[in-house]
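Take a look at the structure below.
2 protein chains.
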Amino acid sequence: MSEDTLWTALADPHRRAIVGLLLTRPRPVGEIVDACGLSQPSTSKHLKVLREAGLVRVRQDAQRRVYALDPAPIAELDAWLAPYRRLWNRSLDALGRRLDETTYDPEEPPSKPKD
Amino acid sequence: MSEDTLWTALADPHRRAIVGLLLTRPRPVGEIVDACGLSQPSTSKHLKVLREAGLVRVRQDAQRRVYALDPAPIAELDAWLAPYRRLWNRSLDALGRRLDETTYDPEEPPSKPKD
DNA sequence: CCTGCGTATGCCTTGACGGGAATATAACCA
DNA sequence: TGGTTATATTCCCGTCAAGGCATACGCAGG
């Protein structure tokens with residue numbers, strides 16, 4: 001799984017919306033279609049991209065296919081982000097803020113990552 | 116600055132490379148051109164995208180333009196990542212004992228594009 | 001079997017993106 | 001002023017991705 005595949009998968013706002021949907025719970029395709037307002041084929045294609053990026057897995061339930069989030073690739077993003085996060089914390093520090101630098105804990109309520 | 120602009124900017128590997136270069140220190144355009152092996156116009160265009168995404172700032176030094184990383188948008192990414200990171204940490208915890216790959220897509224041909 | 005439902009795939013068009021070459025702009029210097 | 005360096009912008013083209021439509025595939029029930 002190239003890092004590029006992961007970035008490309010997440011570059012699309014519809015796909016980020018899908019990923020955000022799956023953050024709540026696994027969902028069958030039909031539900032995702034309704035939620036993101038695309039046609040079913042388009043949605044299926046986006047799901048394929050997400051699958052190939054390793055971001056989602058599929059479980060077959062009769063005729064339905066239930067997609068669930070796979071959190072592993074997120075770790076990759078997190079690792080990529082790490083050096084920048086240090087820089088970011090430093091500049092916040094330079095601005096006189098008081099932030100716990102040892103553990104990132106943005107106490108954001110899980111607001112819907114919908115774009 | 117839409118979140119989409121940020122993702123689009125980072126979706127390109129060359130731009131991620133530029134951002135990685137600037138992580139070390141600010142650099143003039145010529146240095147970036149040499150480092151990423153692109154033509155000067157292409158590099159300038161990538162820098163423009165990064166600029167419009169707020170990822171870099173420019174300081175003018177005589178004829179040169181020195182680009183520096185702006186860590187602020189990274190915080191945005193970090194915030195987006197937060198809910199997923201929590202999920203990831205949870206599953207790491209759950210996997211601490213037994214890791215079993217559940218049903219994955221079995222009819223996926225191994226045709227992976229190169230990195 | 002055949003049929004209906006849910007999902008995936010192929011084909012086609014359109015629009016955006018990336019690259020190079022040429023050119024424009026800006027700053028410095030003589 | 002004119003020339004040189006450093007960077008930005010324009011034009012053109014090839015490629016690729018996204019979307020819709022039609023269709024094919026897989027699964028369950030009669």
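So the sequence lines, in the order shown, correspond to chains G and X. Counting from 1, one number per residue, gives the positions in the first sequence under the numbering used here. Counting from 116, one number per residue, gives the positions in the second sequence under the numbering used here. Here a beta-carbon is modelled for each residue, glycine too, at the ideal position from N, C-alpha and C. Bear in mind the structure is a predicted one, so any value in this text is a computation, not a measurement.
**OP:** Verify the CB distance criterion: does L125(X) have a CB-CB separation below 8 Å to chain G?
**Re:** yes
Original post:
Name the chain X residues that come within less than 7 Å of D78(G), Cβ to Cβ?
Top reply: L196, R200
**OP:** Closer than 6 Å by C-beta to M116(X): which residues in its own chain qualify, once you throw out the five before and the five after it? Chain order, please.
**Re:** G169
Subject >> Spatial neighbours of L137(X) in its chain, beta-carbon cut-off 7 Å, leaving aside the 5 residues before and after >> reply: V171, Y182, A183, L184
Subject >> Residue ranges of each alpha helix (DSSP H) within the segment 14 to 47 of chain G, 4 or longer >> reply: 29 to 36
Original post:
Would you report the Cα separation of D193(X) and A75(G), rounded to the nearest angstrom?
Top reply: 12 Å
Original post:
Is A9(G) closer than 8 Å to L38(G) when the C-beta atoms are compared?
Top reply: no
**OP:** Could you spell out where the alpha helix (DSSP H) holding L10(G) opens and where it closes?
**Re:** 3 to 11
Original post:
How about V144(X) and S159(X): are their beta carbons less than 8 Å apart?
Top reply: yes
Original post:
Who are the Cβ neighbours of L121(X) in its own chain at under 8 Å, not counting the five residues just before and after it?
Top reply: A168, G169, L170, P188, E191, L192
Subject >> A53(G) at chain X interface by Cβ criterion, 8 Å >> reply: no
Original post:
Got a sec: is the Cβ-Cβ distance from L153(X) to anything in chain G below 8 Å?
Top reply: no
Original post:
Given that V138(X) touches chain G, what residues does it touch there, using C-beta distances under 9 Å?
Top reply: Looking at the sequence shown, residue 138(X) is not Val but Leu. P83, Y84, L87, listed in chain order.
Subject >> Residue(s) in a DSSP beta bridge with V164(X) >> reply: V164(X) pairs with nothing; no bridge assigned.
**OP:** Report yes or no: is there a C-beta of chain X within less than 8 Å of the C-beta of I74(G)?
**Re:** yes
Subject >> chain G within 8 Å of P141(X), Cβ atoms only >> reply: no
Original post:
Within 8 Å (strictly less), CB to CB, does P153(G) reach chain X?
Top reply: Past the boundaries of the shown model lies residue 153(G); chain G is included only from 1 to 115, so the question cannot be answered.
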